[in-house]
Every structure is written in structure tokens, then in C-alpha cells.
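These notes are about the structure you will find just below.
Number of protein chains: 2
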Amino acid sequence: MRLGQGVEWAAHACALLAAAGEGRGLSLAALAEYHGVPAPYMAKQMQALSKAGLVRTSRGKTGGYALARPADQITLWDVTRALNGSAPLFQCTEIRQQGPCGAPRAECKRPCHIAAAFAQAETAWREALQGVTIADIAAGVGRDSSPQHITEAMHWLGSNLTDLPNR
Amino acid sequence: MRLGQGVEWAAHACALLAAAGEGRGLSLAALAEYHGVPAPYMAKQMQALSKAGLVRTSRGKTGGYALARPADQITLWDVTRALNGSAPLFQCTEIRQQGPCGAPRAECKRPCHIAAAFAQAETAWREALQGVTIADIAAGVGRDSSPQHITEAMHWLGSNLTDLPNR
DNA sequence: CTCAATTCGGATATTTATTATCCGCAATAA
DNA sequence: TTATTGCGGATAATAAATATCCGAATTGAG
Numbered sequence: 001m002r003l004g005q006g007v008e009w010a011a012h013a014c015a016l017l018a019a020a021g022e023g024r025g026l027s028l029a030a031l032a033e034y035h036g037v038p039a040p041y042m043a044k045q046m047q048a049l050s051k052a053g054l055v056r057t058s059r060g061k062t063g064g065y066a067l068a069r070p071a072d073q074i075t076l077w078d079v080t081r082a083l084n085g086s087a088p089l090f091q092c093t094e095i096r097q098q099g100p101c102g103a104p105r106a107e108c109k110r111p112c113h114i115a116a117a118f119a120q121a122e123t124a125w126r127e128a129l130q131g132v133t134i135a136d137i138a139a140g141v142g143r144d145s146s147p148q149h150i151t152e153a154m155h156w157l158g159s160n161l162t163d164l165p166n167r
Numbered sequence: 168m169r170l171g172q173g174v175e176w177a178a179h180a181c182a183l184l185a186a187a188g189e190g191r192g193l194s195l196a197a198l199a200e201y202h203g204v205p206a207p208y209m210a211k212q213m214q215a216l217s218k219a220g221l222v223r224t225s226r227g228k229t230g231g232y233a234l235a236r237p238a239d240q241i242t243l244w245d246v247t248r249a250l251n252g253s254a255p256l257f258q259c260t261e262i263r264q265q266g267p268c269g270a271p272r273a274e275c276k277r278p279c280h281i282a283a284a285f286a287q288a289e290t291a292w293r294e295a296l297q298g299v300t301i302a303d304i305a306a307g308v309g310r311d312s313s314p315q316h317i318t319e320a321m322h323w324l325g326s327n328l329t330d331l332p333n334r
């Protein structure tokens with residue numbers, strides 16, 4: 001089992017958009033080029049973010065993507081759910097009701113203990129992701145990078161930024 | 168993304184073996200029949216449990232499976248890892264090093280912040296599963312079942328149990 | 001001690017989901 | 001109007017999970 005790598009791409013894209021600043025965005029081509037990934041597939045991830053309301057878009061000559069709300073109000077869980085869906089990791093098929101000694105339906109009002117345990121574990125996972133925002137990620141990256149690298153990246157950003165209309 | 172249903176089957180099988188008692192086991196055919204699942208595929212799950220050392224096996228005329236250690240020393244994480252592997256849910260492909268502004272290797276000694284956040288979330292998930300044992304599951308099932316159902320299941324167990332050699 | 005019954009174990013097809021891509025349509029700014 | 005951009009559905013290629021089979025090993029009975 002493995003989380004789709006689209007989640008990774010989308011998270012990096014959000015972090016980059018956070019660095020772009022409020023109301024400013026990047027085109028799909030710029031996002032794909034910055035991360036060195038194929039544009040058509042990156043498009044799919046960005047569309048998912050748009051559909052989930054995490055980014056806002058503008059079409060046309062100066063179109064592109066920008067964060068729909070401040071970076072400290074977008075969590076990694078939001079991104080994960082947008083791309084990977086919110087379906088539970090563990091899906092109970094109620095095999096306790098099958099077989100020669102299957103439990104009668106009357107005793108199955110509450111979920112199976114195994115399913116309940118997995119649901120609780122998944123909640124712990126989700127809450128951990130909800131505690132990390134895109135702003136946290138962006139701040140961390142800035143802290144780890146050398147001033148030289150930051151200058152280089154900011155220059156690249158400056159020549160690719162686009163102002164999005166005030167929604 | 169979804170956890171394989173083999174995990175569910177294996178967890179139920181372990182709970183049933185816990186009810187069988189110390190040193191007693193069930194054949195593959197019995198395990199499959201009890202849960203109403205195809206035997207050949209159940210075999211695959213049991214083999215994985217055996218390979219991970221969670222159950223011990225005995226071949227021959229009176230062979231079968233039994234728990235390798237007390238049920239309160241086998242956690243749901245053990246079962247999950249045995250069947251699903253211990254590979255991380257989120258696999259970082261280090262795209263921060265790619266593209267025109269790729270981070271130099273010298274700044275990538277520590278893991279990417281996004282990967283670190285997912286690793287932390289996965290730890291929370293793992294620790295939750297480590298806190299639930301097969302004994303907990305078995306006790307919970309017993310608590311939820313009617314005396315009538317328990318009697319029925321115990322009778323079925325009694326006519327299918329097999330004593331495994333003292334390893 | 002031999003043989004036959006019964007089991008586990010690894011290797012093998014089939015099905016399903018994910019990944020990756022393309023092209024026509026709608027929308028926007030110059 | 002026109003060039004440019006994102007959106008959406010449809011479509012191959014790839015990986016994973018599912019389901020199954022047959023050989024090897026072991027045990028109990030004869």
C-alpha cells in the first residue's frame with residue numbers, strides 16, 4: 001500500500017504558491033517546470049486541488065493557480081484528501097456475519113472491533129496531518145535553505161509570477 | 168488508497184486462534200470455512216503470518232495453524248505489517264532536488280519537511296495499532312456476542328480443533 | 001518401515017486500481 | 001477577434017491486489 005505520489009507533487013506546489021504571496025500565482029507550465037515533472041499529469045493534481053477549493057484559478061492569457069486562502073489555513077490533510085479521497089484505509093467487509101457461525105445481524109449494530117481499531121488509528125493519522133499547515137512547510141523549507149538558494153529561487157519566482165484577479 | 172482486505176481476514180483468523188486456546192490450532196480448511204472465504208487465498212494470508220513469525224504451523228495429517236505467542240503479545244500492527252509490508256505510506260521522491268531551482272545536495276541531508284510530516288503521521292497511525300492486541304479484539308468480540316452465539320461458536324471450534332506438537 | 005492422506009509453501013493467471021497521457025471545449029485578457 | 005490558459009472527459013500503459021493451482025514436506029496408519 002502506498003500513497004499516490006500526486007500528493008507529494010501537490011504539497012510541493014502549494015508550498016511554492018505560498019512563497020509566491022497573497023493573490024499571486026503561477027501557471028501550470030511554471031509549476032511543472034519548477035518541480036521537473038510532466039505538465040499533463042501535474043495538471044490533474046492541480047485540478048483536484050481546484051475542485052476541493054484549495055486553490056483558485058484564472059483562465060486566459062495571464063491565467064494560473066493561486067492559493068484560495070492563507071497558507072496557515074491549509075493543512076496537509078486537506079491536500080491528501082483532495083488527491084487521495086477521504087475513503088477509509090481499512091474497509092470492513094463484515095466477514096463476521098459469514099460462515100457457519102456467522103454473527104446474527106442483531107449483534108452487528110456496532111462496528112466490528114477490528115474495524116473500530118483501524119478507524120481509531122486512521123483518526124490519529126488524520127489529526128497529525130491536520131496539525132501541519134502549508135505555512136509550516138514553507139517556513140521550514142526557508143529555514144533549511146541557504147541564502148544563496150533562496151535568492152535564486154526568488155528570482156525565478158519573480159520572473160514567472162502572475163497577478164490573479166481579485167476573484 | 169485502501170488497505171488490502173487480507174489484513175481483515177488475517178486479523179479475524181488470529182482472533183479465532185486466540186479463542187482456540189494455548190497450543191491449539193485450526194487447519195486452513197477450518198479457518199476458511201469459518202469465515203466463509205475461499206481457502207486458497209486465505210492460505211496466502213496465513214503463509215504471510217507464518218513467515219512473520221506470528222503463527223506456528225504443523226504439517227501432516229493433523230496439521231494446522233496456532234498462535235506463536237500469547238494473544239496479548241500480538242498487535243494489530245504486527246498483523247498489518249506481516250501482510251501489507253512495512254513500507255512507508257508516503258514515499259518521498261525528492262523532487263525538491265529537481266528543476267531549475269533544485270536544492271543542492273548539501274542542503275538535503277535532513278528529510279524533506281513534507282516527508283517528515285507524513286512520517287510523523289504514519290508513526291501516530293502505527294502506535295495506535297500497536298496499542299491494540301489480538302487479545303483485546305477477542306475479548307471485545309466475546310463481550311458483544313450473545314451467550315447463545317458463543318455456545319454455538321465454541322461447539323464448532325471443539326469439533327475442529329487440533330492439538331499442535333509442542334513445537 | 002512403507003505408504004497414502006493431508007497439509008504448507010512458492011509460483012502462476014486473472015482482475016482491479018493507479019498512473020500517465022492526450023485532445024476537444026470553455027473562458028479570459030490583450 | 002485571437003492567442004493563450006485551465007477544465008473535463010476519454011484513453012493507453014503500468015503496477016498492485018486478488019484468486020488459483022500444483023509441487024514439496026510431514027504426519028499417522030497399516
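Chains A and B, in that order, are what the protein sequence lines are. First residue of the first sequence? That's 1 in my numbering, and the numbers climb one at a time after it. First residue of the second sequence? That's 168 in my numbering, and the numbers climb one at a time after it. Don't be surprised by glycine CBs; every beta carbon is placed ideally from N, CA and C.
CB contact below 9 Å: residue i versus chain A
{"i": "ASN333 of chain B", "result": "no"}
{"i": "ALA178 of chain B", "result": "yes"}
{"i": "LEU170 of chain B", "result": "yes"}
{"i": "SER313 of chain B", "result": "yes"}
{"i": "PRO205 of chain B", "result": "no"}
{"i": "GLN287 of chain B", "result": "yes"}
{"i": "ALA254 of chain B", "result": "yes"}
{"i": "GLN214 of chain B", "result": "no"}
{"i": "TYR201 of chain B", "result": "yes"}
{"i": "ASP303 of chain B", "result": "yes"}
{"i": "LEU193 of chain B", "result": "no"}
{"i": "ALA229 of chain B", "result": "The sequence given here has Thr at residue 229 of chain B, not Ala. By this cut-off, THR229 of chain B is not an interface position."}
{"i": "THR329 of chain B", "result": "no"}
{"i": "THR224 of chain B", "result": "no"}
{"i": "GLY220 of chain B", "result": "no"}
Nearest to residue i (by Cα), restricted to the options the options
{"i": "GLY227 of chain B", "options": "B:ILE241, B:CYS275 and B:SER194", "result": "B:SER194"}
{"i": "ALA87 of chain A", "options": "A:VAL55, A:THR123, A:ALA71 and A:HIS113", "result": "A:THR123"}
{"i": "TYR65 of chain A", "options": "A:LEU129, A:GLU152, A:ALA20 and A:PRO147", "result": "A:ALA20"}
{"i": "ALA320 of chain B", "options": "A:ALA115, A:ALA153, A:PRO104 and A:CYS92", "result": "A:PRO104"}
{"i": "GLY307 of chain B", "options": "A:HIS113, A:TRP156 and A:VAL132", "result": "A:HIS113"}
{"i": "ALA302 of chain B", "options": "B:GLU274, B:LEU183 and B:ARG248", "result": "B:LEU183"}
{"i": "SER313 of chain B", "options": "A:GLY63, A:ARG126, A:GLY25 and A:CYS108", "result": "A:CYS108"}
{"i": "ALA128 of chain A", "options": "B:ALA284, B:ILE304, B:GLU294 and B:ALA305", "result": "B:ALA284"}
{"i": "SER159 of chain A", "options": "B:ARG223, B:PRO267 and B:HIS322", "result": "B:PRO267"}
{"i": "ARG223 of chain B", "options": "B:HIS202, B:GLY192 and B:GLY269", "result": "B:GLY192"}
Nearest-angstrom beta carbon gap, residue j and residue i [assumed within contact, 8 Å]
{"i": "LEU54 of chain A", "j": "ASP72 of chain A", "result": "That belief does not hold up - the Cβ atoms of LEU54 of chain A and ASP72 of chain A are roughly 13 Å apart, past 8 Å."}
{"i": "VAL204 of chain B", "j": "LEU243 of chain B", "result": "Actually they are not in contact, since the Cβ atoms of VAL204 of chain B and LEU243 of chain B sit about 19 Å apart, beyond 8 Å."}
{"i": "ALA39 of chain A", "j": "ALA29 of chain A", "result": "6 Å"}
{"i": "TRP292 of chain B", "j": "ALA68 of chain A", "result": "About 28 Å; that fails the 8 Å criterion."}
{"i": "MET209 of chain B", "j": "LEU216 of chain B", "result": "That belief does not hold up - the Cβ atoms of MET209 of chain B and LEU216 of chain B are roughly 11 Å apart, past 8 Å."}
{"i": "ALA282 of chain B", "j": "CYS259 of chain B", "result": "4 Å"}
{"i": "HIS152 of chain B", "j": "GLN98 of chain A", "result": "The shown model of chain B, from 168 to 334, leaves out residue 152 of chain B, and the question about it has no answer."}
Same chain only: Cβ atoms within 7 Å of residue i, ignoring 5 sequence neighbours per side
{"i": "ASN84 of chain A", "result": "LEU3, GLY4 and VAL7"}
{"i": "GLY309 of chain B", "result": "ILE317"}
{"i": "GLN130 of chain A", "result": "THR75 and TRP77"}
{"i": "ALA18 of chain A", "result": "LEU67, ALA71, ILE134, ALA135 and ALA138"}
{"i": "LEU324 of chain B", "result": "ALA186 and ALA187"}
Same chain, Cβ closer than 8 Å to residue i, five either side skipped, listed in chain order
{"i": "GLY23 of chain A", "result": "ALA66, ASP163, LEU164 and ASN166"}
{"i": "ALA286 of chain B", "result": "PRO255, PHE257 and PRO278"}
{"i": "LYS44 of chain A", "result": "GLY6"}
{"i": "ALA219 of chain B", "result": "ASP245, ARG248 and ALA249"}
{"i": "ALA10 of chain A", "result": "GLN45, MET46, ALA48, LEU49, VAL79, ALA82 and LEU83"}
{"i": "GLY102 of chain A", "result": "ARG96"}
is_contact[residue i, chain B] using C-beta, thresh 9 Å
{"i": "ILE74 of chain A", "result": "no"}
{"i": "ARG96 of chain A", "result": "yes"}
{"i": "TYR65 of chain A", "result": "no"}
{"i": "PRO70 of chain A", "result": "no"}
{"i": "GLY21 of chain A", "result": "no"}
6 Å CB neighbourhood of residue i in its chain, flanking five on each side removed
{"i": "THR62 of chain A", "result": "THR162"}
Residue ranges of each alpha helix (DSSP H) within the stretch 22-108 of chain A, 4 or longer = Counting only runs of 4 or more, we get 28-35, 39-51 and 76-84.
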